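Chemist:
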Amino acid sequence: MFRYNYAPLESPSTDIRLVTILPGKFDDPIRIKITHARLDPPVQDDKPKRLSVKEIRESLPEDCLVYETIEGRVLFNILNEDGKWYSSWSHPDPSFPRERYDRADQKDEQSQSELKYEALSYVWGSSRRRKTAIVETLEKNMGFKAKFRTRRLRITRNLAGAIRHLRYEDDYRTMWIDAICINQRDAGERSEQVQRMSLIFSLASRVVAWLGPRSSSSSLAFSKLDHLGRQMEFTKDLWLISSPDSDQPDWFKGAVPLPYETDVWHAISELSLGDWFTRLWVVQEIHLGSADSILKCGHDEILWSLFRRAILCIIDKQEGVPEATTDRIGRLRDMCRDIGANLFESTLYNFHDRSCEDDRDRIYGLMNFAPPQIATHIQVDYTISAAEVFKQVFLACTKQQKRLAQLPLCGIRHSTSTSLEWPTWVPNWSQPIYITSHPNRGFCTSGISASRAIRMNRDRLEVTALYFSTVSWVGSQINANEFSDFVKTYKRIELNQAQESQYPTGGTYQTAWLQVLTLSRDGDRFLEANYPTLAELSEAVATAETDEAVANGKVSTWYKNIIISWINKCYLFSTQNGYVGMISGVPQQGDKVFVILGCDVPMLLRPTTTGEYKVIGDCYGMLHGIMYGEAILGPIPRPWKVVILREEDWRHRAHYWKVNIDDESIEEKSTEDPRLEQIPIPPEWEPIEWERTRADPLNCKKFRNRDTGEVINSDPRLFPEALEARGVPLRTITLI
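Start counting the sequence shown at 142; every next residue gets the next number (my numbering).
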């Protein structure tokens with residue numbers, strides 16, 4: 142039998158291939174047909190659009206809350222006469238038009254596609270010992286009638302196993318399967334088809350995620366997760382709420398343990414270890430699918446929506462879950478949440494360490510999570526190197542956002558050198574990325590300023606920055622496996638440093654080092670997080686070696702574990718002007734700390750003999766020092782203080798509270814920086830009202846030019862020329 146040869150798509154930008162799995166028993170040879178079809182975007186109907194959650198909220202009484210679930214449904218939480226909350230799919234006002242908030246009874250957008258097919262999400266598996274699929278094809282020869290022929294197509298063993306489990310005994314099944322429907326030998330076609338991946342998966346009737354053959358415990362895991370997932374809803378702003386259809390209305394609560402035996406926890410743990418959960422492409426594939434999308438293990442199935450809710454519920458449990466289970470399913474947290482609302486750089490970071498065959502797919506496999514304004518600047522091209530793809534994405538995001546949001550993800554870090562192919566200002570997504578602080582922590586070291594980055598050539602980037610100081614002392618690497626290691630690290634600093642002397646911004650070095658070691662994730666700053674206060678941390682550290690019970694009462698096990706993960710393998714350092722900091726990387730004496738316009742955190746740079754700089758990484762430079770624009774705007778004026786709050790889009794940002802000095806009551810709350818109140822906005826610019834989109838940077842405000850109509854997303858009072866006019870010594874530096 143001859144090998145199957147792909148007929149070229151008439152129009153790779155509009156056409157796709159579909160594979161029809163012919164009926165057969167489980168052990169029968171695999172027989173398929175491959176056809177070409179046109180796949181067009183759906184035509185938008187003229188039905189009234191569903192109101193936004195914000196608009197719906199305006200129609201509600203005070204005793205009712207409204208949320209949007211991760212599946213996109215609107216959920217109401219209503220306070221009844223007994224003072225108890227209950228959830229409902231119905232607006233509390235029965236006269237309120239249901240079609241304005243609930244589209245569940247209407248057909249999904251996917252059904253508007255004329256093509257009816259399912260899309261398969263799976264792990265390719267080893268290319269060794271491939272299996273044969275028999276392709277039935279109608280071949281036309283010049284001058285002869287078309288004849289049915291059979292051709293062989295080699296597929297991986299894992300795909301062959303999936304097809305056998307998916308095949309119907311008495312009916313055809315039409316699917317889109319990448320290994321079959323894309324000519325993998327044609328780089329041009331592959332690029333075109335990957336660019337259309339969003340359309341292919343979103344227009345499928347559903348996505349079928351193949352986890353592999355049934356195991357001895359997979360049925361038990363599916364059964365328990367199915368039931369658990371029906372007890373709650375998970376909202377886009379990260380709340381677990383009892384489902385209106387729940388028969389166990391308290392199971393959603395973190396403090397309520399689940400009544401599972403050891404065998405159930407073992408089954409769930411084993412299921413989460415499957416290869417499918419480690420792959421990069423599958424994240425995008427399952428999230429693009431319809432509400433009917435499923436996970437399939439052998440012949441067992443579970444709705445993806447129920448699975449993700451159940452996993453998020455287990456992760457949220459405060460007790461009763463075995464540590465081994467928590468560790469294993471914890472890595473599924475980001476995958477199960479609403480990824481579409483994330484900042485794109487956060488999505489790239491969260492999933493960059495997942496497995497894929499081609500490093501270019503670390504971008505292409507997540508590109509459909511990029512805001513359209515950024516995605517339009519990223520062209521799928523398998524003829525260029527991974528390094529060029531990563532540069533392309535860095536520059537596309539920088540151009541659109543006017544920020545250097547990916548710069549904190551760059552740098553030499555723990556290496557002594559970098560490949561010439563990889564400029565240190567470009568994230569190497571093919572390697573583990575060690576950052577000092579997660580980008581969504583409310584820092585705004587350069588205020589709401591725009592980047593003036595210019596790409597000088599393919600490997601050099603010119604940025605505008607303020608030199609802050611030079612590293613003068615470097616500590617040894619922190620090895621922290623338990624809380625006692627944290628305590629020892631802190632007390633070692635206490636012995637070696639003048640702890641009672643005053644820190645440059647006020648307070649003692651003792652407090653400064655404690656804030657550095659916790660990245661200031663304390664209850665004094667993060668008011669809505671379950672973090673201990675600085676006073677509680679100080680007492681816990683002081684008593685940890687003599688009275689463990691007191692220490693445990695001040696700091697939870699959960700918090701101890703996360704601060705250990707933050708500081709492990711990091712280095713502490715101090716600078717010539719007396720500031721202290723920490724970096725996930727190897728600093729050296731002589732490294733320079735810069736505040737770069739358009740970058741939310743301080744960056745540690747290493748000067749070269751040519752006067753250019755290599756990026757070492759992002760560094761945490763003590764909260765009261767430079768993390769909130771102090772280097773370019775001066776200190777926060779008393780009696781104001783910075784607090785970090787989660788806003789409606791669930792991202793942390795700096796807020797400013799005016800505190801009464803006498804009784805510490807809050808006199809005023811503002812999102813506006815009090816340091817800018819005395820600086821007039823240039824007369825040609827005016828602040829405007831605006832709606833935040835996913836394309837906007839984390840720290841952002843909009844201003845319009847009165848003369849030209851130009852709209853910018855940064856504060857004109859922080860333009861380089863404005864800062865220099867106020868005496869801020871900016872300079873232009875080149876990163877290599």
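Here a beta-carbon is modelled for each residue, glycine too, at the ideal position from N, C-alpha and C. Since the model is a prediction, treat every value here as computed from it, not as a measurement.
1. Can you name the start and end residues of the alpha helix (DSSP H) that residue 567 belongs to?
2. Whose C-alpha, out of 662, 505 and 858, is nearest the C-alpha of residue 525?
3. Buried or exposed for residue 569, going by 16 or more other Cβ atoms inside 10 Å?
4. Helix, strand or coil for residue 490? Go by DSSP, reduced to three states.
5. When the distance is taken between beta carbons, is residue 871 closer than 7 Å to residue 566?
6. Residue 733: which of 779, 769, 611 and 818 sits nearest, CA to CA?
7. Taking DSSP as the reference, what is the three-state secondary structure of residue 796?
8. Quick one: give me the first and last residue of the beta strand (DSSP E) that residue 723 is part of.
9. From residue 533 to residue 517, what does the alpha carbon distance come to, in whole angstroms?
10. Select from 242, 210, 233 and 213 the residue whose C-alpha is nearest the C-alpha of residue 190.
11. Identify whether residue 880 lies in helix, strand or coil by the three-state DSSP scheme.
12. When you compare the region 616-627 with the region 584-595, are there three or more beta-carbon pairs, one atom per stretch, that lie closer than 8 Å?
13. With a threshold of 6 Å on Cβ separation, who are the neighbours of residue 163 within its own chain once the five nearest residues in sequence on each side are excluded?
14. What residues are listed by DSSP as bridge partners for residue 754?
15. Alpha carbon to alpha carbon, how far is residue 314 from residue 258?
16. Please report the residue range of the beta strand (DSSP E) in which residue 338 lies.
17. Identify the continuous beta strand (DSSP E) that holds residue 606 and give its terminal residues.
18. Quick check: residue 466 and residue 392, are their CB atoms within less than 7 Å of each other?
19. Is residue 587 near residue 740, with beta carbons less than 7 Å apart?
20. Can you round the beta-carbon distance between residue 728 and residue 745 to whole angstroms, since I take them to be within the 8 Å contact cut?
21. Is the Cβ-Cβ distance between residue 577 and residue 496 less than 7 Å?
22. Count the CB pairs spanning the region 441-451 and the region 363-380 that are closer than 8 Å, and state whether there are at least three.
23. Return the CA-CA distance between residue 213 and residue 431, expressed in angstroms with no decimal places.
24. Given residue 701, which residues of its chain have a CB within under 7 Å of its CB, disregarding the five upstream and five downstream residues?
25. Which residue comes first and which comes last in the beta strand (DSSP E) that contains residue 436?
26. Tell me the DSSP secondary structure of residue 926 in three-state form.
27. Can you round the beta-carbon distance between residue 295 and residue 273 to whole angstroms, since I take them to be within the 8 Å contact cut?
28. How should residue 491 be labelled, buried or exposed, when 16 other C-beta atoms within 10 angstroms of its C-beta is the threshold for buried?
29. Take residue 730 and list the residues in its own chain whose beta-carbon comes closer than 7 Å to its own, dropping the five residues that flank it on each side.
30. Of all the beta strand (DSSP E) runs that stay within the bounds of the region 831-873, which reach a length of 3 or more residues?
31. What does the alpha-carbon distance come out to for the pair residue 867 and residue 858?
32. Can you list, in chain order, the stretches of the alpha helix (DSSP H) that have 4 or more residues and sit fully within the region 443-497?
33. Could you tell me the alpha carbon to alpha carbon distance between residue 768 and residue 633, rounded to whole angstroms?
34. Please state whether the Cβ-Cβ distance between residue 810 and residue 826 is less than 7 Å.
35. Do three or more CB pairs link the region 644-652 to the region 710-721 at distances below 8 Å?
36. Could you spell out where the beta strand (DSSP E) holding residue 207 opens and where it closes?
Modeler: Answer, in terms of the structure:
1. Taking the sequence shown and counting its residues from 1, the one referred to as residue 567 is at position 426. Segment: none, residue 567 is in no alpha helix (DSSP H) and carries neither H nor E.
2. Indexing the sequence shown from 1 puts residue 525 at position 384. For the residues 662, 505 and 858, the minimum Cα distance to residue 525 belongs to 505.
3. By 1-based counting over the sequence shown, the position of residue 569 is 428. Under a 10 Å Cβ-count criterion, residue 569 is classified as buried, with 16 or more other Cβ atoms of the shown protein chains found around its own Cβ.
4. Position 349 of the sequence shown, counted from the start, is the residue given in the question as residue 490. Reduced to three states, the DSSP call for residue 490 is helix.
5. Here residue 566 corresponds to residue number 425 of the sequence shown, with the count starting at 1. Here residue 871 corresponds to residue number 730 of the sequence shown, with the count starting at 1. The answer is no: Cβ separation not under 7 Å.
6. The residue labelled residue 733 in the question sits at position 592 within the sequence shown. Check the Cα spacing between residue 733 and each of 779, 769, 611 and 818: the tightest is with 611.
7. As a position in the sequence shown, residue 796 is number 655, starting the count at 1. Taken through DSSP and simplified to helix, strand or coil, residue 796 comes out as strand.
8. Here residue 723 refers to the residue found at position 582 of the sequence shown. Here the beta strand (DSSP E) through residue 723 covers 721-724.
9. Taking the sequence shown and counting its residues from 1, the one referred to as residue 533 is at position 392. Taking the sequence shown and counting its residues from 1, the one referred to as residue 517 is at position 376. Their backbone Cα atoms lie some 12 Å apart in a straight line.
10. The count along the sequence shown starts at 1 and reaches residue 190 at position 49. Ranked by Cα distance from residue 190, the options 242, 210, 233 and 213 are led by 242.
11. The structure shown does not extend to residue 880, since the chain is modelled only from 142 through 877, so no value can be given for it.
12. Note that the region 616-627 does not touch the region 584-595; fewer than 3 beta-carbon pairs, one per stretch, sit closer than 8 Å.
13. To locate residue 163, count along the sequence shown from 1; it is residue 22. Once the five neighbours on either side are set aside, the close Cβ partners of residue 163 are 172.
14. Residue 754 sits at position 613 when you count from the first residue of the sequence shown. When beta bridges are read from the DSSP output, residue 754 appears opposite 748 and 876.
15. As a position in the sequence shown, residue 314 is number 173, starting the count at 1. As a position in the sequence shown, residue 258 is number 117, starting the count at 1. Taking the straight line joining both Cα atoms gives about 8 Å.
16. Indexing the sequence shown from 1 puts residue 338 at position 197. Annotation for residue 338: no beta strand (DSSP E) segment contains it, though the alpha helix (DSSP H) segment containing it runs 338-343.
17. By one-based count along the sequence shown, residue 606 stands at place 465. For residue 606, the enclosing beta strand (DSSP E) begins and ends at 601-615.
18. One-based indexing of the sequence shown puts residue 466 at position 325. One-based indexing of the sequence shown puts residue 392 at position 251. Cβ atoms of residue 466 and residue 392: not closer than 7 Å.
19. As a first step, residue 587 must be located in the sequence shown, where it is residue number 446. As a first step, residue 740 must be located in the sequence shown, where it is residue number 599. It is a contact, given that the beta carbons lie within the stated cut-off.
20. By 1-based counting over the sequence shown, the position of residue 728 is 587. By 1-based counting over the sequence shown, the position of residue 745 is 604. Right, the Cβ-Cβ distance comes to about 6 Å (below 8 Å), so this counts as a contact.
21. Along the sequence shown, read from residue 1 onward, the residue named residue 577 stands at position 436. Along the sequence shown, read from residue 1 onward, the residue named residue 496 stands at position 355. Going by C-beta atoms, residue 577 is not nearer than 7 Å to residue 496.
22. Flag = yes, the region 441-451 and the region 363-380 touch.
23. Residue 213 sits at position 72 when you count from the first residue of the sequence shown. Residue 431 sits at position 290 when you count from the first residue of the sequence shown. So the two alpha carbons sit approximately 11 Å from each other.
24. For this step, residue 701 is matched to residue 560 along the sequence shown. So the list reads 624, once near-sequence residues are dropped.
25. Here residue 436 is taken as the residue at index 295 of the sequence shown, counted from 1. Residues 435-438.
26. Lying outside 142 to 877, the shown extent of the chain, residue 926 is not represented and no answer is given.
27. For this step, residue 295 is matched to residue 154 along the sequence shown. For this step, residue 273 is matched to residue 132 along the sequence shown. At roughly 6 Å, the Cβ-Cβ gap stays under 8 Å, so residue 295 and residue 273 are in contact.
28. Along the sequence shown, one-based indexing puts residue 491 at 350. Burial is judged here by how many other beta carbons sit within 10 angstroms of a residue's own beta carbon; residue 491 has at least 16 and is buried.
29. In the sequence shown, residue 730 corresponds to position 589, counting from 1. Taken in chain order, the residues that qualify are 612, 613 and 615.
30. As far as the region 831-873 is concerned, its whole beta strand (DSSP E) runs of at least 3 residues are 844-846.
31. Sequence index remark: in the sequence shown, residue 867 carries index 726 (1-based). Sequence index remark: in the sequence shown, residue 858 carries index 717 (1-based). Spanning the two alpha carbons is a distance of roughly 10 Å.
32. The qualifying runs are 445-457, 464-471, 474-477 and 485-492.
33. Against the sequence shown, residue 768 aligns to sequence position 627. Against the sequence shown, residue 633 aligns to sequence position 492. Distance between the alpha carbons of residue 768 and residue 633: 25 Å.
34. As a first step, residue 810 must be located in the sequence shown, where it is residue number 669. As a first step, residue 826 must be located in the sequence shown, where it is residue number 685. The Cβ-Cβ distance between residue 810 and residue 826 does not fall below 7 Å.
35. Contact annotation: the region 644-652 touches the region 710-721, with at least three C-beta pairs closer than 8 Å.
36. In the sequence shown, residue 207 corresponds to position 66, counting from 1. In the DSSP assignment, residue 207 falls within the unbroken beta strand (DSSP E) covering 205-209.
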